[in-house]
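For reference, each letter of the sequence shown is one residue, going -24 to -1, 1 to 513 in mature numbering (1 follows the signal peptide of the UniProt record, and there is no 0).
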Amino acid sequence: MVKTVLLHVICGVLAVLSVSLVNADDPYRYYTWTVTYGTLYPLGVPQQVILINGQFPGPRLDVVTNDNIVLNLINKLDQPFLLTWNGIKQRKNSWQDGVLGTNCPIPPNSNYTYNFQPKDQIGTFTYFPSTLLHKAAGGYGGLNVYERPSIPIPFPNPDGDFTLLIGDWYKTSHKTLQQSLDSGKSLPFPDGVLINGQGHTTFSGDQGKTYMFRISNVGLSTSINFRIQGHTLKLVEVEGSHTLQGIYDSLDVHVGQSIAVLVTLNQAPKDYYIVASTRFTKNVLTASAVLHYSNSQSAVSGPLPAGPTDQFHWSMEQARTFRWNLTASAARPNPQGSFHYGKITTTKTIVLANSAPLINGKQRYAVNGISYINADTPLKLADYFNIPGVFSMSSIQGLPGGPASIATSVMPANLHDFIEVVFQNNEKTIQSWHLDGYDFWVVGYGSGQWTSAKRSTYNLVDALTRHTAQVYPNSWTTIFVSLDNQGMWNVRSANWERQYLGQQFYLRVWTSVHSLANEYNIPTNALLCGRAVGRHP
């Protein structure tokens, strides 16, 4: 086993070094992570969780923009396993995306070495398991990409940096939850909310100093409201975009999303509640932590600070206040607003409508009537080796319509297209959509049915770029995407039940010009499975 692991590490390093376009000045960071089961008590009862290097949540991955990450992942579970790097663009490198459409899962008692680079990105991101219902057992962690010293950020360096992974949680095992979905049932209501894998934890700081709180919703299905007793939150970054620095009493963070806020400890020296509670749920689940002043002589006291009582309208109006800081530098010296997205003519409009059909008597979820099923071979490998019959590029259309059906659906797109995507939600539940390999401009939110007349309400000047966007019930959200990253990219619901039961598809961004300037070669250590077994990278 040691020789096998060493061989994979060597192959992984060679694969990175073989990419001629990687800047030799960008440092390499090497990691070895082992995935195991363990028994913990997140909600006070013993249950099986997924550990990485013995930790739940997994290790925090702190890197600097453009670092080359060489991460050997050893799977000691009894099921195949993959990690996906949520929000990392994987420039020209969908081979490392870590989802079943691009990668063979790592078999039990085996390993795979990821090689990727957070190219020209800074900000707050996460990683989590993309296979089965593993996310319901843990295996997730923070992924923070810091700026290079030569690139200024639009606020003074904070005196400390805290990562808060918040999300709904079940006492039921992930295998039992998966069996429920496989039988055609929906998941029950969650049992609680966790902050960093616990129901209660403490964050300490000094009076008068300012700290960054990086908050990510790593749950399965539920939006979260975050607030701190007696303190305001200064929003400074959302999923890699520096924002205009608005002041908020509380912030909604939807499934799959990440934000960063600055909090100044400017109150009397005591302890204060940190609160995360579910949004848009009949029963409100709440988790609390403690903000501890180092000179505090008093424990937390008083009622927990209340969250917003207004539902979707309040949240949509708050979302509209998130604006791009056009004068702030991004990961490169040029201002992040130097790309004038609002002046570009879109090449295509795609409308994506989610639905919840019954197919063959079982609950499924669909996009434009097509409920996705995983193939026996990763779509990226099938495309590379020209293996027919693995996926369909004609099943899913760019407009809603048609009876519900099942397919391994891929939507074709051209490299360098600039497209408008409308997420139309005609259901009564909030949706959260994610696009791998990209960030996109969230240019508009609105109620009811989207029509072309709604374009007059778009923000064409300083909309945020991000990788996950919420869509409110019986509402729409529009994004603009510059398709500058060739590959096979997953478009999915961030609600993991819906993703698992078909609310996803793949976007094939393609050009007939074969060039390393467009896409890297298949890694020499690529795992081969399904109909790709026996073929040579």
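Each residue gets a CB set at the ideal place from its N, CA and C atoms; glycine is no exception.
Out of the options, which has the shortest C-alpha to C-alpha gap to residue i?
i: Thr89; options: Gly413, Lys95, Pro81; result: Pro81
i: Ala252; options: Phe101, Val266, Gln243; result: Val266
i: Gly99; options: Pro84, Pro83, Pro105, Leu119; result: Leu119
i: Asn87; options: Val509, Pro513, Arg511, Leu504; result: Leu504
i: Gly510; options: Asn435, Ile455, Thr353; result: Thr353
i: Leu227; options: Val327, Asn497, Leu211, Thr219; result: Leu211
i: Ile326; options: Ala275, Trp452, Ser106, Ser347; result: Trp452
i: Leu157; options: Asp144, Ile250, Leu108; result: Leu108
i: Gly114; options: Gly160, Asn48, Ile26, Gln55; result: Ile26
i: Phe57; options: Val46, Val75, Lys65; result: Val75
i: Lys68; options: Pro245, Gly420, Lys147, Pro499; result: Pro499
i: Ser106; options: Asn466, Leu209, Asn497; result: Asn466
i: Lys356; options: Val194, Tyr496, Tyr414, Asp38; result: Tyr496
i: Gln93; options: Thr254, Tyr317, Asp38; result: Asp38
i: Gln462; options: Trp9, Pro83, Asp412, Gln373; result: Asp412
i: His268; options: Pro245, Arg255, Trp290, His289; result: Pro245
i: residue 518; options: Glu403, Ile223, Leu209, Gln373; result: Outside the displayed span of the chain (-24 to 513) sits residue 518, for which this structure offers no information.
i: Thr441; options: Lys65, Asn29, Tyr7; result: Lys65
i: Gly374; options: Val397, Ala493, Val366; result: Val397
i: Ser368; options: Tyr249, Arg484, Glu473; result: Arg484
i: Ile372; options: Tyr13, Phe481, Leu141, Ile349; result: Phe481
i: Ser149; options: Asn401, Gln287, Gln24, Glu293; result: Gln24
i: Arg296; options: Lys404, Gly422, Thr254; result: Gly422
i: Tyr7; options: Trp290, His316, Ile45; result: Ile45
i: Gln425; options: Val418, Ala502, Ile171, Asn402; result: Asn402
i: residue 556; options: Gln294, His316, Val489, Tyr13; result: There is no way to answer for residue 556, as the model of the chain reaches only from -24 to 513.
Tell me the DSSP bridge mates of residue i?
i: Met292; result: In DSSP, Met292 forms no bridge with anything.
i: Ala263; result: Ala252
i: Ala445; result: Trp409
i: Met464; result: Arg484
i: Glu396; result: Thr325, Phe456
i: Glu213; result: His218, Ala236
i: Phe138; result: Phe189
i: Lys338; result: Ile335
i: Ile346; result: Val343, Ser381
i: Ile28; result: Val11, Gln31
i: His268; result: Ser180, Asp247
i: Phe57; result: Ile82
i: Gly420; result: Thr454
Contact defined as beta carbons within less than 8 Å: I believe residue i pairs with residue j. What is the distance between those atoms, to the nearest angstrom?
i: Gly173; j: Pro18; result: 6 Å
i: Glu215; j: Gly63; result: 6 Å
i: Asn259; j: Pro130; result: About 40 Å separates the two Cβ atoms, so there is no contact after all.
i: Phe399; j: Val457; result: No, Phe399 and Val457 are not in contact; Cβ-Cβ is about 12 Å, not under 8 Å.
i: Phe104; j: Lys111; result: 5 Å
i: Thr60; j: Trp71; result: In fact, because the Cβ distance is near 13 Å, the residues do not count as touching under 8 Å.
i: Pro33; j: Tyr146; result: At roughly 16 Å, the Cβ-Cβ gap does not stay under 8 Å, so Pro33 and Tyr146 are not in contact.
i: Leu261; j: Val169; result: 5 Å
i: Asn390; j: Trp486; result: 7 Å
i: Gly313; j: Asp438; result: 7 Å
i: Gly181; j: Ser270; result: 7 Å
i: Val229; j: Asp247; result: No, Val229 and Asp247 are not in contact; Cβ-Cβ is about 23 Å, not under 8 Å.
i: Ile250; j: Phe165; result: Their Cβ separation, rounded to whole angstroms, is 23 Å, which puts Ile250 and Phe165 out of contact at 8 Å.
i: His176; j: Ser274; result: With a Cβ gap of about 17 Å, His176 and Ser274 do not count as contacting.
Kindly list the residues whose CB is nearer than 6 Å to the CB of residue i, restricted to its own chain and excluding five residues on each side of it in sequence; keep chain order.
i: Gly307; result: Checking the sequence shown, residue 307 turns out to be Ala, not Gly. Thr41, Asp96, Gln97, Ile98.
i: Thr303; result: Pro311
i: Gly378; result: Gly345
i: Gly420; result: Thr433, Tyr434, Thr454
i: His512; result: none
i: His207; result: Val239
i: Glu123; result: Ile98, Ile129
Among residues of its own chain, excluding the 5 on either side of residue i, which ones have a beta-carbon nearer than 7 Å to its beta-carbon?
i: Thr323; result: Asp393, Phe394, Ile395
i: Leu220; result: Arg299, Asn301
i: Thr257; result: Thr198
i: His410; result: Gly232, His443, Thr444, Arg468, Ala470
Please indicate yes or no: does the CB of residue i lie closer than 7 Å to some heavy atom of the ligand MN?
i: Thr219; result: This structure simply doesn't include the ligand MN, nor any ligand for that matter.
Closer than 8 Å by C-beta to residue i: which residues in its own chain qualify, once you throw out the five before and the five after it? Chain order, please.
i: Thr186; result: Pro132, Pro134, Asp135, Leu238, Val239, Thr240, Leu241
i: Asn471; result: Leu196, Ser197, Val231, Gln407, Ser408, Gln479
i: Asn(-2); result: Only weak support exists for where Asn(-2) lies, its pLDDT of 44 falling under 50; the coordinates are left without a value.
i: Arg340; result: Ala332, Pro333, Leu334, Ser347, Ala380, Ile382, Leu477, Gly478
i: Trp9; result: Ile28, Asn29, Gly34, Pro35, Leu47, Asn48, Leu49, Ile50
i: Ala508; result: Cys80, Thr353, Pro354, Leu357, Ala358, Phe361, Ile363
i: Pro128; result: Ser305
Three or more C-beta pairs under 8 Å: does that hold for the segment 186 to 205 against the segment 280 to 295? yes
Counting Cβ pairs, one atom from each stretch, are 3 or more of them under 8 Å apart for the segment 423 to 434 and the segment 360 to 367? no
Decide yes or no for the touch test of the segment 437 to 447 against the segment 378 to 392: beta carbon pairs closer than 8 Å, at least 3 of them. no
Are at least three pairs of beta-carbons, each pair with one atom in the segment 329 to 342 and one in the segment 240 to 255, less than 8 Å apart? no
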